[in-house]
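Reading through the structure tokens given below for one structure.
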RNA sequence: GGCGCGUUAUCCAAGAGGCUAGGAGCCGGUCUGCAAAACCGUUAACGUCGGUUCGAAUCCGACACGCGCCUCCA
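In the working numbering, the protein residues as written are 1488 to 1975.
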């Protein structure tokens, strides 16, 4: 099997063949830095992080570029609101973005360029567009003439007529066609500006991505990604700019992730129904959020809710618990594994098939949700084997070691299992304690009281304490070694 | 209005002509003073109506419902 990816441009899954064998150039639209990131940004970040990781896992040398758009109307507005300047706002939210993405465990892209560091490239492309008749000056601005580019809207599969029908497009007096868009905006008083052949001003939205991708990946490159909402106008306009200026294909494979929904409705700034990443990470572990994102295919909508996050946590906990159980297996001798029981043979079979099943899923348009299946399968087999062999499990350490390595290998691609299992499990518990009305001391005290009651066979009192704690959200776990507890 | 997408069991969610997805839950079992937890086992589905086919969640058509884009958005 070979990697196949869904290309928005053709609307089909295609065999992935990079421009240069063994190498991949990938550009993903980052963020416009004017506010904290929400869960939608988290999804895009995680999805393309996994794509980046998988391409490397598949043996490609990947150049991954993810930009910061650090000059834009919204940044300027924000700066005006708070009485600072665009640079202050941009730098603050670049810092916040980096923090959020690091917490979600994203690997650093190869390059993370900023729009304002690429003014020369931006100006060069606009000049080329004017020369080739794709752009025109008007009232201090420069606009792209969409009618000059026959392929315009090929990505979203529409026509200019479709777009205008019933649409609320204002016919700005500066534009020749209502769909024309700004490449360069003349600066108004008090606004940041850069020198250009068309006077002082700043770039329009879209052009920075054409400039930065060309700078680091060339005129034609393999993968361009972003959220579905960028298909139009952002990516459509990038195509018009880059292909208009260079006269050659811009991007070979367009990848777009689906939205995060709240109650089946798109999460967005304008609807005001969004959660920031940092808000969510107050109640949920970052890897849980990551796991939740990976539990649906990247192009499908993903419904965000506490219930779904809780389920994701339960799933991830199952995986981590298995890893922790493997760590507790007593070390056997270094000799060959003991003869396996039927249950052991079954597990060996799962171990043998694991990698090909995992790769098959990921090769099919990065289907991480499907790739999770073999992980859980192997976990079930492991639990079963461990339960059966008990103290003797150490005699099969080669098999178990191989199994653990495979789990970690898959975790490396998905960005999971980055925390030592016992520590992760302890972290989940600690987070739960923070939400309780009882202190750890009070809980321990009650448990001690219960132990005494039970020792004197006063089960009524013992059960009373157990119910009391349960009502407070504390779940007791009795075992031969004594009583421990968990937050429910 | 134009264009596009989706509808899978109690819930979440893969699958895209014949091949066990998976998770949570329910139920049964092991364990336990009884429970809980953990572990094991197990259950069930393809929106509706037609069509193509030896065979359809899967392909085609109609309908219903939901959603998205057409305006800043990951």
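For glycine and all other residues, C-beta sits at the position ideal for the given N, C-alpha and C.
(request) Could you tell me which residues DSSP pairs with residue 1491 in its beta bridges? (result) 1502, 1851
(request) Give the secondary structure of residue 1530 by DSSP, where H, G and I count as helix, E and B as strand, and everything else as coil. (result) In the structure shown, residue 1530 adopts helical secondary structure according to DSSP, grouped into three states.
(message) Could you tell me the alpha carbon to alpha carbon distance between residue 1484 and residue 1618, rounded to whole angstroms?
(response) No answer is possible for residue 1484: it lies beyond the span of the chain, which begins at 1488 and ends at 1975.
(message) Considering Cα atoms alone, identify which of 1842, 1572, 1641, 1879 is closest to residue 1725.
(response) 1641
(message) Contact defined as beta carbons within less than 8 Å: I believe residue 1973 pairs with residue 1916. What is the distance between those atoms, to the nearest angstrom?
(response) 6 Å
(request) Drop a sphere of 10 angstroms on the beta-carbon of residue 1895, count the other beta-carbons inside from all chains shown, and report buried for 16 or more, exposed for fewer. (result) Classification for residue 1895: exposed.
(request) Take the Cβ of residue 1836 as the centre, count every other Cβ of all protein chains shown within 10 Å, and call the residue buried at 16 or more, exposed below. (result) exposed
(request) Pull up the distance between the alpha-carbon of residue 1811 and that of residue 1600, whole angstroms please. (result) Using only the alpha carbons, I get a separation of about 40 Å.
(request) Return the residue from the list 1756, 1708, 1742 that minimises the CA-CA distance to residue 1735. (result) 1708
(message) So the candidates are 1965, 1514, 1907, 1816; which of them puts its Cα closest to the Cα of residue 1739?
(response) Per the Cα distances, 1514.
(message) I'd like to check one pair, residue 1564 with residue 1517: are the Cβ atoms closer than 8 Å?
(response) no
(message) How far does the beta strand (DSSP E) with residue 1593 in it extend, from its first residue to its last?
(response) Careful: residue 1593 lies outside any beta strand (DSSP E) and carries neither H nor E.
(request) Figure out for me which residue from 1710, 1745, 1574 has the closest Cα to the Cα of residue 1494. (result) 1710
(request) Just grab the DSSP bridge partners of residue 1976 for me. (result) Residue 1976 is absent from the model: the chain starts at 1488 and stops at 1975.
(message) With a threshold of 7 Å on Cβ separation, who are the neighbours of residue 1606 within its own chain once the five nearest residues in sequence on each side are excluded?
(response) 1681
(request) Compute the beta-carbon to beta-carbon distance between residue 1663 and residue 1631, rounded to the nearest angstrom, for a pair I have assumed lies under 8 Å. (result) That pair is no contact at about 10 Å.
(request) With residue 1879 as the anchor, note down where its beta strand (DSSP E) starts and where it stops. (result) Run containing residue 1879: none; DSSP gives neither H nor E here.
(message) Taking 8 Å as the cut-off, does the segment 1774-1783 touch the segment 1834-1848 (at least 3 CB pairs, one atom from each stretch)?
(response) With a cut-off of 8 Å, the segment 1774-1783 and the segment 1834-1848 do not count as touching, because too few Cβ pairs lie within range.
(request) Measure the Cβ-Cβ separation of residue 1770 and residue 1719 and say whether it is below 8 Å. (result) no
(message) Three Cβ pairs or more, each shorter than 8 Å: is that satisfied between the segment 1571-1582 and the segment 1517-1526?
(response) Flag = yes, the segment 1571-1582 and the segment 1517-1526 touch.
(message) Can you find the residues in the same chain that come closer than 6 Å, C-beta to C-beta, to residue 1503, ignoring five residues on each side of it along the sequence?
(response) 1490, 1492
(message) Taking only three categories from DSSP, how would you classify residue 1516?
(response) strand
(message) Could you check whether the segment 1545-1554 touches the segment 1589-1599, counting it as contact only if at least three pairs of C-beta atoms, one from each stretch, sit closer than 8 Å?
(response) The answer is yes - the segment 1589-1599 touches the segment 1545-1554, with three or more Cβ pairs under 8 Å.
(request) Evaluate residue 1971 with the Cβ neighbour count: other Cβ atoms within 10 Å of its Cβ, from every protein chain shown; 16 or more gives buried, anything less gives exposed. (result) exposed
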